[in-house]
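Comments concern the structure below.
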Amino acid sequence: MTKNFVGLCFGVLCFALTACGSSTDSKKANTPDTTTKAAANVAQATPTGGADTSTTPAPALGGKVPPPSVILGKKEVPILCYHQIRDWKPTDSRTAKDYIMPIADFKAQMKMLHDSGYHTVLPDQLYAYLTTGAPLPSRPVMLTFDDNDEDHYTVAWPELKKYNFKAVFFVMTVTLGRLPHYMSKDQIKELYTAGNVIGSHTWDHHSVKKYQGKDWEIQIDKPTKQLEAITGTPIRYFAYPFGLWNRQAFPELRKRGFIAAFGLADHRDDTDPLMCIRRIIVAGGWSLKTFNTAINRDFK
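Just so you know, the sequence shown maps onto residues 3 to 302 in our numbering.
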């Protein structure tokens, strides 16, 4: 797992602003699982899903958090990470394709989630579940989109609306105004107003493991203020570039108002698991069976 993670992180550095993260679980999930039913069979056996319509109050800053062992002992919620949603081009490298989800495949995945009875949840709900034991809907899943690609708005969002799904959009603010490849401030505002969550993904995707001095202001403080100006609300959730984190980052993020942060690795920190919540990248080219297997097997 670690070898795959490092290799894909190196590849994505070459991918520049067009993708982020590590495909830690992509090869793992691609391993055939003969015990897993085909997605179509799962869909036939379960009710249809959608967004959870219950209202979870925003967590209070400074609220009591249970010991790490309590949080780590709870069943994980599947959290899926997407980057670009578009069809492959002849110029796309093999590594790049891990971060590019063909449109038809994305649509099929959303339909499978809906038909299989999954309900999308948002970070406030997840935080309440992890810290207070608040109930979640049946078959919860969280959908996250990194980097602010315009196809999150033009392709993914219409598909999410079809099934009454909601999602989290982690914005890299260096992309703001870089039309037509990235979302505009108005598009981000529309997503937020429609009930989605906007989170921070730094200014230009530098790893937090390398931050020193002014880097925190450039990469975290200023981007957070930009996003708060767009949404009119505090930004409380963060996604690490490349999914890479260290313990030194946790207090820096907390003192800036973040109450949880999302990574991509196959482990969580045993001292502060809220600051390294696991996600998996949904790799381009996955079959529906592989997609279904990843959701059911990679989160315990």
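Ideal Cβ positions, reconstructed from N, Cα and C, are used throughout, including at glycine.
Being a predicted model, the structure only gives us computed values, none of them experimental.
Here's a check: name, in chain order, each residue in its chain whose Cβ is nearer than 6 Å to the Cβ of residue i, leaving out the five neighbours to either side.
i: Val199; result: Leu124, Pro125, Val170
i: Tyr239; result: Pro125, Gly201, Ala262
i: Val176; result: Trp205, Asp206
i: Ile232; result: Lys187, Ile190, Lys191
i: Lys39; result: The predicted model places Lys39 with a pLDDT of 36, which falls under 50 and marks its position as unreliable; any figure quoted below should be read in that light. So the list is empty, once near-sequence residues are dropped.
i: Ser289; result: none
i: Asn150; result: Val173, Met174, Thr177, Tyr184, Met185
i: Gln228; result: Thr175
i: Asn166; result: Gly52, Ala53
i: Ile67; result: Per the sequence shown, the amino acid found at residue 67 is Val instead of Ile. Cβ within range, chain order: Thr133.
Per the DSSP calculation, residue i is bridged to which residue(s)?
i: Asp148; result: Phe172
i: Cys83; result: Thr146, Ile283
i: Tyr239; result: Ala262
i: Ala53; result: Thr122
i: Ile102; result: Gln86
I'd like to check one pair, residue j with residue i: are the Cβ atoms closer than 8 Å?
i: Gly312; j: Gly119; result: Only positions 3 to 302 of the chain appear in the structure, and residue 312 is not among them; the question remains open.
i: Leu246; j: Lys211; result: yes
i: His203; j: Ala241; result: yes
i: Leu193; j: Trp218; result: no
i: Tyr101; j: Gln111; result: no
i: His116; j: Pro139; result: no
i: Ile81; j: Arg281; result: yes
i: Thr146; j: Phe264; result: yes
i: Ser209; j: Phe172; result: no
i: Met144; j: Asn294; result: no
i: Cys83; j: Ile297; result: no
i: Ala53; j: Lys168; result: yes
i: Arg249; j: Asp271; result: yes
i: Thr226; j: Arg256; result: no
i: Pro69; j: Asp274; result: no
Only counting the same chain, and skipping five residues up and downstream in sequence, which positions put a Cβ closer than 7 Å to that of residue i?
i: Lys109; result: Glu161
i: Leu132; result: Ile73, Lys76, Leu276
i: Gly287; result: Lys99
i: Phe260; result: Arg238, Tyr239, Phe240
i: Asp89; result: Pro104, Ile105
i: Lys164; result: none
i: Cys278; result: Trp247, Ala263, Gly265, Arg270, Asp271
i: Glu230; result: Pro236, Ile237
i: Glu224; result: The question names Glu, yet the displayed sequence has Lys at residue 224. So the list reads Trp205, once near-sequence residues are dropped.
i: Pro142; result: Val79, His121, Val123
i: Glu254; result: Trp218
So, for residue i: in the same chain, excluding its five sequence neighbours on each side, which residues have a beta-carbon less than 8 Å away from its beta-carbon?
i: Gly65; result: Thr133
i: Gln304; result: Not covered by the structure: residue 304. The range shown for the chain is 3 to 302.
i: Lys302; result: Lys77, Glu78
i: Ile220; result: Trp205
i: Pro137; result: Tyr131
i: Val157; result: Ile87, Arg88, Ile105, Phe108
My parser needs the beta strand (DSSP E) runs of 3 or more residues fully inside the region 169–195; what are they?
170–173
At 4 residues or longer, what runs of the alpha helix (DSSP H) sit wholly inside the region 113–169?
125–134, 159–164
Which runs of the beta strand (DSSP E), 3 residues or longer, sit entirely within the region 196–226?
For the region 196–226, whole beta strand (DSSP E) runs of length 3 or above, ordered along the chain, are 199–202.
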